[in-house]
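A.B. asks: So the protein sequences, as listed, match chains Z and S. If you're matching positions, the first sequence starts at 1 in the working numbering and goes up one per residue. If you're matching positions, the second sequence starts at 170 in the working numbering and goes up one per residue. All C-beta atoms, glycine included, are put in the ideal place defined by N, C-alpha and C. Structure provided below as structure tokens; questions to follow.
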Amino acid sequence: MRAVRAAALGLLAWFSLACGPWGPQGVLAGGPFLGAASASFPADWSFSDAHPLIGIETRGALLRHSVTILCVAADGKLYVMARHAPRKRWVQNLGRDSRVRLRVGDALHAGRAVRIGAGPEGEAVARAFLRKYVGIDVEEARPLIGPPAAGDDHAELWTWRIDAPEPGA
Amino acid sequence: MRRAAWALLLLALCAGAFFTWARLLHAGPLGPIPGGRLAGEPASKTPVDWSFANRDPYLLVESRAFALPWSGRVWFLAHEGRLHLLLPGFFGDDLVRRLDVDPRVRVEVDGRVYEQVAVAVSDDTQTGALLAPVLRRQFAIEIGGAVGRIPGATQAPLWVYRLEDPAGESGKDGDVH
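In structure tokens form, the structure reads like this:
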């Protein structure tokens, strides 16, 4: 009976806190990634273009939380993005702590998420995104930054560049 | 050790029971987890213009292609008054496989369920016309100037379906939103 109660409580905790100890499972969020991150930070992330989806682990107040997300490489750097960003838990976690771990294929990399805005970097990411996920090259691509105005239905998209982790992080 | 194994087994059983409940008994999808039949009230009229639906980020769609009703929340766009399903390959092809078998779907907007038929949009002109509004709505990217396709650049296709009234009487009753 005690084991049943423990299992039920564990399951409840897993679903309410998404803290399963095995990372995200498809569309389901998970907890911390198992394994240690690679010691070196990739100088060129172009290899990530072979992966439509990657896993990201963020740090909440108490628990680590991981989800499956889109990513693009532009100018050798890695960028991750969130649609309808403000309502997502992993995004809220990044506001508290920018340290992340990324599962790209079988490899695990530690990094630091730095949010980017408009400007040439944002436009380069938008172009890279269109190449990778839509298969098109466009003359002009302008990311819409900030929440949509009233009556405008575009998604609120936030983008982060993944930088090397701070030493000792 | 034995107790831990029992606890793990029970945890797995509970998880199995949860997914079975979500899939078979829950009305509609449970967040990203597919569910059973949509429980909204059947609509008596089909809107002339679906643009009002764009205020929701996802559309609830039910397919009855196989033995059990399947429902999920999917990306969509109401463009020029018509509903379009946007099904990116990186989320899997669950619904696409179902639409191949049976294109009839039920969609739920504002608690009302509408019977529709999904028609694949493969014509370059039609998909081209949808491109800019889709990118703006789904990815907050505005494009301009020349657009060129890069053959083989993307590993995940984006399937697009236009929803049509099964009786071809869209808006006949004048339920304008």
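Give the list of continuous beta strand (DSSP E) stretches no shorter than 3 residues that lie fully inside the stretch 74-136 of chain Z.
C.D. replies: Those beta strand (DSSP E) runs which fall completely within the stretch 74-136 of chain Z and span 3+ residues are 77-82, 99-104 and 107-116.
A.B. asks: Please identify, using Cβ separations under 8 Å, the residues of the stretch 123-136 of chain Z that lie next to chain S, in order along the chain.
C.D. replies: So the list reads ALA126, PHE129, LEU130, ARG131, LYS132, TYR133, VAL134, GLY135 and ILE136, given in the order they occur along the chain.
A.B. asks: Please look up how many angstroms separate the CB atoms of Z:ILE145 and Z:GLY117, rounded, as I've assumed it's under 8 Å.
C.D. replies: Yes, they are in contact, since the Cβ atoms of Z:ILE145 and Z:GLY117 sit about 5 Å apart, within 8 Å.
A.B. asks: Can you look up Z:ASP163 in the DSSP assignment and give me helix, strand or coil?
C.D. replies: Strand.
A.B. asks: Could you check how far apart the C-beta atoms of S:GLY205 and S:SER240 are, in whole angstroms? I think they sit under 8 Å.
C.D. replies: At roughly 6 Å, the Cβ-Cβ gap stays under 8 Å, so S:GLY205 and S:SER240 are in contact.
A.B. asks: Smallest Cα separation from Z:HIS65: which of Z:PRO165, Z:LYS88, Z:ILE162 and Z:CYS71?
C.D. replies: Of the listed residues, the one whose Cα sits closest to Z:HIS65 is Z:LYS88.
A.B. asks: Give me the chain Z residues within the contact set of S:PHE221, using Cβ-Cβ distance strictly less than 8 Å, ordered along the chain.
C.D. replies: By Cβ distance, chain Z contributes nothing, its closest Cβ being about 10 Å from S:PHE221, past 8 Å.
A.B. asks: Where does Z:ILE136 land, buried or exposed, given buried means 16+ other C-beta within 10 angstroms?
C.D. replies: Counting Cβ neighbours within 10 Å, Z:ILE136 comes out buried, since at least 16 surround it.
A.B. asks: Which runs of the beta strand (DSSP E), 3 residues or longer, sit entirely within the stretch 274-324 of chain S?
C.D. replies: List check, beta strand (DSSP E) in window: 281-289 and 310-318.
A.B. asks: Decide if S:PRO203 is buried, meaning its Cβ has at least 16 other Cβ atoms within 10 Å, or exposed.
C.D. replies: With 16 or more other Cβ atoms within 10 Å, it is buried.
A.B. asks: Starting from the beta carbon of Z:LEU94, find every residue of chain S whose beta carbon is closer than 8 Å, and list them in chain order.
C.D. replies: Here the premise fails: no neighbours, minimum Cβ distance about 18 Å.
A.B. asks: At least one CB of chain Z closer than 8 Å to the CB of S:ALA298: is that the case?
C.D. replies: No, S:ALA298 does not count as interfacial toward chain Z.
A.B. asks: To the nearest whole angstrom, what separates the beta carbons of Z:GLU139 and Z:PRO147, a pair I think is in contact under 8 Å?
C.D. replies: In fact, because the Cβ distance is near 27 Å, the residues do not count as touching under 8 Å.
A.B. asks: Taking 8 Å as the threshold (beta carbon to beta carbon), is S:VAL217 in contact with chain Z?
C.D. replies: No, because no Cβ of chain Z sits closer than 8 Å to the Cβ of S:VAL217.
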